[in-house]
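Worksheet for the structure shown next.
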Amino acid sequence: MTSDGRPLRAPVQPFVLSDKVAIITGAASGIGATALETLSEAGAHVRGCDISALSGKAHPNLTGNVEVRDPLAVGAFVQSVIDEFGRIDIVVNCAGVGITADEPTPVHLMSDRDWELTLGVNLTGTFNVCRACIPAMLDGGGSIINISSVMGHVGNAGASAYTASKAGVLGLTRSMALEYARQGLRANAICPGFIDTPMVRRHLDQSADGVEELRLIEASHPVGRLGTSQDIANAILWLAADASSFMTGAALTVDGGYTAA
Ligand code: NAP
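This is how it looks when you write it as structure tokens:
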């Protein structure tokens with residue numbers, strides 16, 4: 000208490016996003032899909048996009064056939080949101096590809112295709128979306144949230160394209176944080192551990208022994224389990240909300256202790 004009876008600390012604010020306008024890429028699946036639901040429940044107007052054509056599973060607030068490697072497709076989607084709402088407050092970059100080859104590939108065997116696809120979607124795609132959205136965020140500020148990975152911090156033998164793309168996302172995020180701090184535009188990254196999404200399920204399906212691979216992945220997380228999409232959507236919600244207004248340029252690790260060892 001202060002001497003005049005006021006609480007010493009500001010009360011905790013609920014994570015309310017009333018009337019904020021949010022864009023989420025990769026929103027048809029996994030972390031992006033859960034983030035779309037979570038930010039909507041917090042009161043935001045959320046518009047998602049994904050490369051999928053979305054036939055049969057279309058969410059009313061989801062636009063298909065948006066390839067983040069294509070600046071024109073990204074620009075058209077972003078403009079459609081600006082035309083609808085007049086502004087953008089929150090950008091969440093979830094679109095991504097995992098380890099693309101069936102087997103772990105050391106650098107000297109890495110194909111041009113795998114390198115370019117992984118860097119193109121995970122890093123250049125994130126750049127394309129940020130570049131398209133930022134002009135609409137310079138007056139009002141806002142929050143950019145880029146999904147990196149624990150692999151942005153640590154190496155992974157056989158996955159150099161993925162680790163390089165995710166480390167690149169951290170560098171991009173830190174530089175944007177510095178470039179736009181005075182405009183109230185924050186940029187942060189999240190570094191998830193292994194999360195139980197279709198991306199990881201595909202990896203398990205392609206493994207010679209998926210059950211053993213799952214056991215090894217679980218064991219690499221001190222908490223003894225994979226994360227859930229909701230674990231990451233909760234962190235996205237926190238970074239989107241004003242409750243995190245003093246955070247920018249951060250890499251928020253949400254990994255069940257994976258990188259604590
Ligand atoms: P996911 O379920 O596969 O979702 C990723 C979404 O991105 C999919 O809908 C995918 O569409 C879409 N996408 C792929 N390439 C695209 C492109 N070129 N343009 C637009 N959209 C594209 O995977 P997730 O696990 O939720 O991953 C979300 C993000 O978290 C990714 O950046 C991933 O690297 C990161 N991450 C995931 C984990 C994990 O363990 N799951 C851990 C750390 C970081 P298609 O399905 O049609 O390809």
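Take 0 as the starting number for the sequence shown in numbering that gives the first Met the number 0 and just add one per residue.
Where is the CB? At the ideal position from N, CA and C, for every residue including glycine.
Between the alpha carbons of L169 and G151 lies a gap of roughly 7 Å. The Cβ-Cβ distance between D254 and G157 does not fall below 7 Å. In the three-state scheme derived from DSSP, where H, G and I count as helix and E and B as strand, H44 is classed as strand.
Boundaries for R112: no beta strand (DSSP E) harbours it, while the alpha helix (DSSP H) harbouring it runs 111–118, taken from the DSSP string. A distance criterion of 6 Å places the beta-carbon of C93 in contact range of ligand 1, judged by its closest non-hydrogen atom. Collapsing the DSSP output to three states places I98 in coil. For the set G226, P197, A160, the Cα lying nearest the Cα of C190 is the one of G226. In the assembly as shown, V222 is an exposed residue. Its beta-carbon has fewer than 16 other beta-carbons within 10 Å. If you ignore the 5 residues before and after R173, its C-beta comes within less than 7 Å of the C-beta of G248, all in its own chain and listed in chain order. Annotation: V106 to T33 spans about 34 Å, alpha carbon to alpha carbon. Just measuring C-alpha positions, the residue of A218, S159, V96, Y179 sitting nearest A135 is Y179. Relative to I231, the option among D18, L38, A21 whose CA is nearest is L38. In the displayed model, A260 falls within coil according to three-state DSSP, outside both helix and strand.
The beta carbon of R185 sits closer than 6 Å to those of S142, T247, all from its chain and outside the five residues before and after it, given in chain order. For S148, the shortest separation between its Cβ and any heavy atom of ligand 1 lies below 6 Å.
Between E212 and M198, the alpha-carbon positions lie close to 14 Å from each other.
The C-alpha of S2 is placed about 57 Å away from the C-alpha of I50.
Within the same chain, Cβ atoms closer than 6 Å to the Cβ of C132 are found at V77, I87, V90, the five residues on either side in sequence being excluded.
The closest CA to that of G140, considering only G167, P13, F14, V20, is found on V20. With a threshold of 6 Å, the Cβ atom of S244 does not count as near ligand 1, since no heavy atom of the ligand is closer than that. The closest CA to that of N187, considering only H58, L251, D208, S219, is found on L251. A distance criterion of 6 Å places the beta-carbon of P103 beyond contact range of ligand 1, judged by its closest non-hydrogen atom.
Shown here, T24 sits in a strand according to DSSP, grouped into three states.
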